[in-house]
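Numbering (my numbering), first residue to last: 18 to 460.
Shown next, in structure tokens, is the structure this report addresses.
Dropping the structure here:
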């Protein structure tokens, strides 16, 4: 941290945070601090209410066991009592839910809800999902036959992407690598394999992207079944793929997801909202045995449970963001990072850190490329909520809003500032109102 401070000053910046933010969407330390502090002030009261509710669950459980209750909610208590809350008050059963989301049906239906025009090989389990992007983005996906596809494993499938709205031109290639195997990357992610750009001969080089995941592989008698959070992951990562395939920039440097680090997640986070839209959930679901769509009662539970303890969870994110910014703006050469970490945790997240621990030493983002950038998780989330609820809330299947999203957000890449793209899409300055109302439940 000291060396970062020294390096920033050598480059003419006041501190390391100012150096990092100079090329981010937020631009300045003051903008980030204002953003974080504004959310803290809005979330503190609902966060305290959520903590009291969890304390109540803990008190009841302790009394039932004949154990004393000290009136405290410890950091290791929250996840446990949140699960109890979901099971008792919301009756959310992921094992029941996943029976309605087979990978085969979900992939096809997502394309219908997210709006891409899919043709060819509809029996293939991956094609079905691509139809959700059909109306919104105005694309067409065609599966490349296995004998013609150049892939790195037999499980991998290759798709051509075509424009279906403007000039019917070829847009790029998409790989789907969705099942686990030995030595494979263990998480879900989008990997840009080739950016698009205008070559010296004036022709556009097509982009290539791969979506990698590790969903349960189907068997002869049972399809791959997805939990609701896996459906959300599917929407999210395909959103990154769409950002890559829809981008139209002159230079490769500015293509697709090469936008500012505090904006890159916003387009994909916005697409997650379809996973909580009742009409969309009906559309993408089908019980793997009966073919029946998911019942309204279960949908209501999913939607209702979305914001459970959202204030607590976001206050925790705000704590990390503020600790990160404070650490990288401090002029104190002898700053006690342990005291700073523990003091801020209690003040912002409202839950004390375990005694005699060094939480900052386990905060890997500080040394993992997110220094002075952790705020970006919430920054992009707030803007993704604003985009969705401003343009898609009344009609999640609106091709007009989807086309505008494609033109103003996805196509531009980083050829212009993310804030300018956001303003162009919204038609105004962005706001945190939708995030507070829809994600936190504060009106």
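All C-beta atoms, glycine included, are put in the ideal place defined by N, C-alpha and C.
No experiment lies behind these values; they were computed from the predicted model shown.
Boundaries of the alpha helix (DSSP H) in which residue i is found, first to last residue
i, result
"residue 254", "245-263"
"residue 211", "Residue 211 -> not in any alpha helix (DSSP H); beta strand (DSSP E) instead, spanning 206-211."
"residue 321", "313-322"
"residue 112", "111-114"
"residue 435", "435-443"
"residue 288", "283-288"
"residue 397", "393-408"
"residue 295", "295-301"
"residue 454", "Note, residue 454: premise wrong, no alpha helix (DSSP H); not H, not E."
"residue 25", "19-27"
Residue interval of the beta strand (DSSP E) (run including residue i)
i, result
"residue 378", "It is not in any beta strand (DSSP E) - residue 378 carries neither H nor E in the DSSP assignment."
"residue 427", "Per DSSP, residue 427 belongs to no beta strand (DSSP E) and is neither H nor E."
Cβ-Cβ distance between residue i and residue j below 8 Å
i, j, result
"residue 157", "residue 181", "yes"
"residue 380", "residue 361", "no"
"residue 298", "residue 319", "yes"
"residue 284", "residue 261", "no"
"residue 42", "residue 388", "no"
"residue 56", "residue 335", "yes"
"residue 115", "residue 195", "no"
"residue 397", "residue 286", "yes"
"residue 227", "residue 210", "yes"
"residue 358", "residue 376", "yes"
"residue 322", "residue 458", "no"
"residue 442", "residue 421", "yes"
"residue 60", "residue 395", "no"
"residue 18", "residue 344", "yes"
"residue 296", "residue 217", "no"
"residue 257", "residue 207", "yes"
"residue 193", "residue 167", "no"
"residue 154", "residue 259", "yes"
"residue 214", "residue 268", "yes"
"residue 272", "residue 386", "no"
"residue 38", "residue 338", "no"
"residue 248", "residue 118", "yes"
"residue 447", "residue 92", "no"
"residue 325", "residue 97", "no"
"residue 176", "residue 240", "no"
"residue 32", "residue 24", "no"
"residue 303", "residue 312", "no"
"residue 444", "residue 152", "no"
Opposing strand residues paired with residue i [DSSP bridges]
i, result
"residue 194", "229"
"residue 222", "214"
"residue 189", "178"
"residue 269", "DSSP, once it has assigned bridges, lists no residue as partnering residue 269."
Min CB distance residue i to chain C below 8 Å
i, result
"residue 344", "Given the protein chain composition of this structure (a single chain), no chain C is represented."
Residue i: CB within 7 Å of a non-hydrogen atom of the ligand MN
i, result
"residue 436", "The ligand MN is not part of the structure shown, which contains no ligands of any sort."
Ignoring anything shorter than 4 residues, give me the alpha helix (DSSP H) runs that lie fully in the region 32-102, in order along the chain. Complete alpha helix (DSSP H) runs here, min 4: 33-38, 46-82, 95-102.
4-residue-minimum alpha helix (DSSP H) runs that sit fully inside the region 334-369, ordered along the chain: Fully enclosed alpha helix (DSSP H) runs of no fewer than 4 residues occupy 354-361 of the region 334-369, in order along the chain.
Unbroken beta strand (DSSP E) runs of length 3 or more, entirely within the region 157-182: which are they? You should have 174-180.
Taking one C-beta from the region 282-301 and one from the region 253-260 each time, how about it: are there three or more such pairs within less than 8 Å? When Cβ pairs closer than 8 Å are counted between the two stretches, the region 282-301 is seen to touch the region 253-260, the count reaching three or more.
The region 446-453 contacting the region 397-416, beta-carbon criterion three pairs below 8 Å: In short, these stretches touch, since the Cβ pair count reaches three.
Inter-stretch contact at 8 Å, needing at least 3 Cβ pairs: the region 98-107 / the region 72-86: Verdict: yes, contact present.
Check whether the region 177-195 touches the region 218-235, taking contact to mean three or more Cβ pairs, one atom from each stretch, closer than 8 Å. For the pair of segments examined, the region 177-195 was found to touch the region 218-235: the number of CB pairs separated by less than 8 Å reaches three.
Are the region 270-277 and the region 431-449 touching by the rule of at least three beta carbon pairs closer than 8 Å? The region 270-277 is in contact with the region 431-449.
Any 3 or more C-beta pairs closer than 8 Å across the region 364-377 and the region 31-50: Counting Cβ pairs under 8 Å, fewer than three are found: no touch.
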